[in-house]
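*Asks:*
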Amino acid sequence: MGRLIDFDLPQNNILSNVAGGGASNDNPLDPEEFRRQGHMVIDFIADYYKNIEKYPVLSQVEPGYLKKRLPTSAPMNPESIETILGDVQDHIVPGITHWQSPNYFAYFPSSGSIAGFLGEMLATGFNVVGFNWMSSPAATELESIVMDWLGQMLRLPKSFLFSGNGGGVLQGTTCEAILCTLVAARDRTLRIIGNDNIGKLVVYCSDQTHCAFKKAAQIAGINPDNFRVIPTTLSSSFSMCPKALRNTIIADVEAGLVPIFLLATVGTTSTTAVDPLGPLCDVAKDYGMWVHVDAAYAGSICICPEFRHFIDGVEGADSFSFNAHKWFFTTLDCCCLWVKDPAALTQSLSTDPEYLKNKATESKQVVDYKDWQLALSRRFRSLKLWLVLRSYGVEKLRGFLRSHVKMAKVFQGFVEADNRFEVVVPRNFANVCFRITPSAVMSSSTKSSNGVLGEITNSNDISSPRTKTKMGLVNEVNQKLMESINGSGGIYMTHSVVGGIYLLRFAVGATLTQESHVIEAWNVVKQHAHAILNSIPTTHSQ
Numbered sequence: 297m298g299r300l301i302d303f304d305l306p307q308n309n310i311l312s313n314v315a316g317g318g319a320s321n322d323n324p325l326d327p328e329e330f331r332r333q334g335h336m337v338i339d340f341i342a343d344y345y346k347n348i349e350k351y352p353v354l355s356q357v358e359p360g361y362l363k364k365r366l367p368t369s370a371p372m373n374p375e376s377i378e379t380i381l382g383d384v385q386d387h388i389v390p391g392i393t394h395w396q397s398p399n400y401f402a403y404f405p406s407s408g409s410i411a412g413f414l415g416e417m418l419a420t421g422f423n424v425v426g427f428n429w430m431s432s433p434a435a436t437e438l439e440s441i442v443m444d445w446l447g448q449m450l451r452l453p454k455s456f457l458f459s460g461n462g463g464g465v466l467q468g469t470t471c472e473a474i475l476c477t478l479v480a481a482r483d484r485t486l487r488i489i490g491n492d493n494i495g496k497l498v499v500y501c502s503d504q505t506h507c508a509f510k511k512a513a514q515i516a517g518i519n520p521d522n523f524r525v526i527p528t529t530l531s532s533s534f535s536m537c538p539k540a541l542r543n544t545i546i547a548d549v550e551a552g553l554v555p556i557f558l559l560a561t562v563g564t565t566s567t568t569a570v571d572p573l574g575p576l577c578d579v580a581k582d583y584g585m586w587v588h589v590d591a592a593y594a595g596s597i598c599i600c601p602e603f604r605h606f607i608d609g610v611e612g613a614d615s616f617s618f619n620a621h622k623w624f625f626t627t628l629d630c631c632c633l634w635v636k637d638p639a640a641l642t643q644s645l646s647t648d649p650e651y652l653k654n655k656a657t658e659s660k661q662v663v664d665y666k667d668w669q670l671a672l673s674r675r676f677r678s679l680k681l682w683l684v685l686r687s688y689g690v691e692k693l694r695g696f697l698r699s700h701v702k703m704a705k706v707f708q709g710f711v712e713a714d715n716r717f718e719v720v721v722p723r724n725f726a727n728v729c730f731r732i733t734p735s736a737v738m739s740s741s742t743k744s745s746n747g748v749l750g751e752i753t754n755s756n757d758i759s760s761p762r763t764k765t766k767m768g769l770v771n772e773v774n775q776k777l778m779e780s781i782n783g784s785g786g787i788y789m790t791h792s793v794v795g796g797i798y799l800l801r802f803a804v805g806a807t808l809t810q811e812s813h814v815i816e817a818w819n820v821v822k823q824h825a826h827a828i829l830n831s832i833p834t835t836h837s838q
């Protein structure tokens, strides 16, 4: 049976021990008042983590709940930090889905760490706006250094590093990284064929590529009819097929279109599928296309030698990115992007107004990161990444990541040992995709063998009405399982649908998760599956 959870959290210690009272100084950045309130907030957050398992992982509030709790207008006079933190505890915390909970197994992790949090505090405390070198030299130079450090840890080709005429930049998210590189690829081609031919440009991805790419293509002005999606199959574990890509490109070229960009993925969102980088880059090279490798989730684990092979072939790509804020213990937001040709970015994204002119920029001896991104202003993100790298070191970071993979293997073992469940696709990293099997659903539905299972699992004709009906039932049962589990508040998982199969995703990666949480999560899954399978009406049988 799943462990019962007490969702009634005791009053936060800091709130019960500190009396009210506003700031004693009218200056909103008074150092001593900052020290007093800052200690209170640190204590509040520490208590939050100490008690985090007592909250339902998935917020249980209804839409519009907060509007009913808060005033309709801002206060005219100051309120104390004690009062505000009390409202955070009473009104905000209930509306939070607890991404740092050890029982959080949804989407992909957003793993935090003490070093990541403190680095964020330092960056926020300095509050510099490091758009160019002169605006804060340390912000620019530390970013360049840290990106080379991290590139070396990943064993990226030297051509991606500043030491090899490439370079790295910290973006907010992968969405930004994709858009920046797509714009660079677009402009590189249009400078050759002319801006009037933008309607001929074609971009390519698989049906497992993140939806951020489609948004980026829309923003970049790519004709929606020229957005190519290469189908994937279960038999290939949903990785992109180089032959299918080439055939699609050939057809486009014969139609007078111009291929410019391929997005390959290492660790897709639904199933963590891995596209074959080497063969895909070989195809793209034949047509002069820009290749971007999106390793938003899985890039982190590639600092471990035994996982580095997943990005073999990256030397043929033009750019590579992963999110340190996903599975690298660095708080949101922190997307690491490397490019072989920084000039391709700066030619598309640079601005040079009179009010930003300075001798350092004109010397061409410095990096102005404003020209590597969409926005002008930028945060001191490298500070938190620097703290993470220094506080834990390469070996300890590898150990953290390996422990998550080990826990995912434990969960996978539970799934494979229970004949009511199956692993839908091979596990590459720390995400297990599983479901209740068709045989378990059919057995519960019919209470006897009637041969339908063979039709579902062995027939190549998944379009037949009878197969569709049974597949629909299997998917419905698995959807109910996920909703029941998440509604209990004990753990939180998310789903996807690939190849017509509804699957549950168990993504290990929260920093606080231990093997005991994984064992308990499996107990919760079994408990809810038992209840659902026993409730399936027999009227579904034919």
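Quick note: my numbering has the sequence shown finishing at residue 838, numbered continuously throughout. Glycine is no exception: its CB is placed at the ideal position from the N, C-alpha and C atoms.
Spell out the partners DSSP gives Arg731 in its beta bridges.
*Replies:* Its beta-bridge partners are Glu718.
*Asks:* Under the assumption that Ala803 contacts Pro405 (Cβ atoms under 8 Å), give the Cβ distance between them as a whole number of angstroms.
*Replies:* With 8 Å as the limit, Ala803 and Pro405 qualify as a contact, their Cβ atoms being about 6 Å apart.
*Asks:* On the three-pair Cβ rule with 8 Å, is the region 578-593 touching the region 425-434?
*Replies:* With a cut-off of 8 Å, the region 425-434 and the region 578-593 do not count as touching, because too few Cβ pairs lie within range.
*Asks:* Within 10 angstroms of the Cβ of Ser646, are there 16 or more other Cβ atoms? Answer buried if so, exposed if not.
*Replies:* With fewer than 16 other Cβ atoms within 10 Å, it is exposed.
*Asks:* Per DSSP, which residues does Leu466 bridge with? Please list them.
*Replies:* Cys632.
*Asks:* For Pro638, which of Asp664, Thr393, Trp623 has the nearest alpha-carbon?
*Replies:* Looking at the Cα atoms, Asp664 is the closest of the given residues.
*Asks:* Could you please give the first and the last residue of the uninterrupted beta strand (DSSP E) stretch that includes Ile905?
*Replies:* The requested residue 905 does not occur in the structure, where the chain is confined to residues 297 to 838.
*Asks:* With distance defined between alpha-carbon atoms, name the residue in Met443, Ile377, Ser432, Leu478 nearest to Gln555.
*Replies:* Contrary to the premise, residue 555 reads as Pro rather than Gln in this sequence. The option with the nearest alpha carbon to Pro555 is Leu478.
*Asks:* Considering only the beta carbon of each residue, do Ile599 and Leu452 sit closer than 8 Å?
*Replies:* Result no, Cβ atoms of Ile599 and Leu452 do not sit closer than 8 Å.
*Asks:* Roughly how many angstroms separate the alpha carbons of Ala640 and Lys666, rounded to a whole number?
*Replies:* Computed Cα separation, rounded: 14 Å.
*Asks:* Considering only their Cβ atoms, is the gap separating Val719 from Ala704 smaller than 8 Å?
*Replies:* Cβ distance not < 8 Å, so Ala704 and Val719 don't count as in contact.
*Asks:* Put His506 into one of helix, strand or coil per three-state DSSP.
*Replies:* Looking at His506 - three-state DSSP - the assignment turns out to be coil, as it is neither helix nor strand.
*Asks:* Relative to the C-alpha of Ala551, which candidate in Thr733, Gly595, Lys496, Cys501 has its C-alpha closest?
*Replies:* That would be Lys496, whose Cα lies nearest to the Cα of Ala551.
*Asks:* So, Val570 versus Phe606, is the Cβ gap smaller than 8 Å?
*Replies:* Against a cut-off of 8 Å, the Cβ pair of Phe606 and Val570 comes out as a contact.
*Asks:* Helix, strand or coil: how does DSSP classify His824 here?
*Replies:* His824 falls in the helix class under three-state DSSP.
*Asks:* Would Leu442 be called buried (16 or more neighbouring beta carbons within 10 Å of its own) or exposed?
*Replies:* A small fix is needed here, since residue 442 is Val in this sequence, not Leu. The residue is buried, with at least 16 neighbouring Cβ atoms inside 10 Å.
*Asks:* Is the distance from the Cβ of Gly391 to the Cβ of Leu362 below 8 Å?
*Replies:* Closer than 8 Å, so yes.
*Asks:* Measure the alpha-carbon distance for Leu553 versus Val794 and round it to whole angstroms.
*Replies:* Using only the alpha carbons, I get a separation of about 30 Å.
*Asks:* Just to confirm before moving on: does the CB-CB distance between Lys636 and Asp614 stay below 8 Å?
*Replies:* Going by C-beta atoms, Lys636 is nearer than 8 Å to Asp614.
*Asks:* Is the region 524-533 close to the region 480-495, with three or more CB pairs under 8 Å?
*Replies:* With a cut-off of 8 Å, the region 480-495 and the region 524-533 do not count as touching, because too few Cβ pairs lie within range.
*Asks:* When DSSP labels each residue in this structure, what does Thr477 get in the three-state scheme?
*Replies:* DSSP places Thr477 in helix when its eight states are reduced to three.
*Asks:* Nearest-angstrom Cα distance between Ala547 and Asp608?
*Replies:* So the two alpha carbons sit approximately 28 Å from each other.
*Asks:* Taking Phe456 as part of the alpha helix (DSSP H), name the residues at either end of that continuous run.
*Replies:* Note, Phe456: premise wrong, no alpha helix (DSSP H); not H, not E.
*Asks:* Tell me the DSSP bridge mates of Ile526?
*Replies:* According to DSSP, which records beta bridges pairwise, Ile526 is partnered with Ser502.
*Asks:* Look up Ser837 in the DSSP assignment and say whether it is helix, strand or coil.
*Replies:* With a pLDDT of 41 at Ser837, under the threshold of 50, the predicted position of this residue should be treated as unreliable, though the coordinate-derived value follows. Ser837 falls in the coil class under three-state DSSP.
*Asks:* Please confirm if the region 778-790 is in contact with the region 372-384, defined as three or more CB-CB distances below 8 Å between the two stretches.
*Replies:* The answer is no - the region 372-384 does not touch the region 778-790, with fewer than three Cβ pairs under 8 Å.
*Asks:* Is Arg694 helix, strand or coil when you go by DSSP?
*Replies:* Residue state, collapsed to three classes: helix.
*Asks:* Is the region 368-377 close to the region 763-774, with three or more CB pairs under 8 Å?
*Replies:* No: the two stretches stay apart, fewer than three of their Cβ pairs being nearer than 8 Å.
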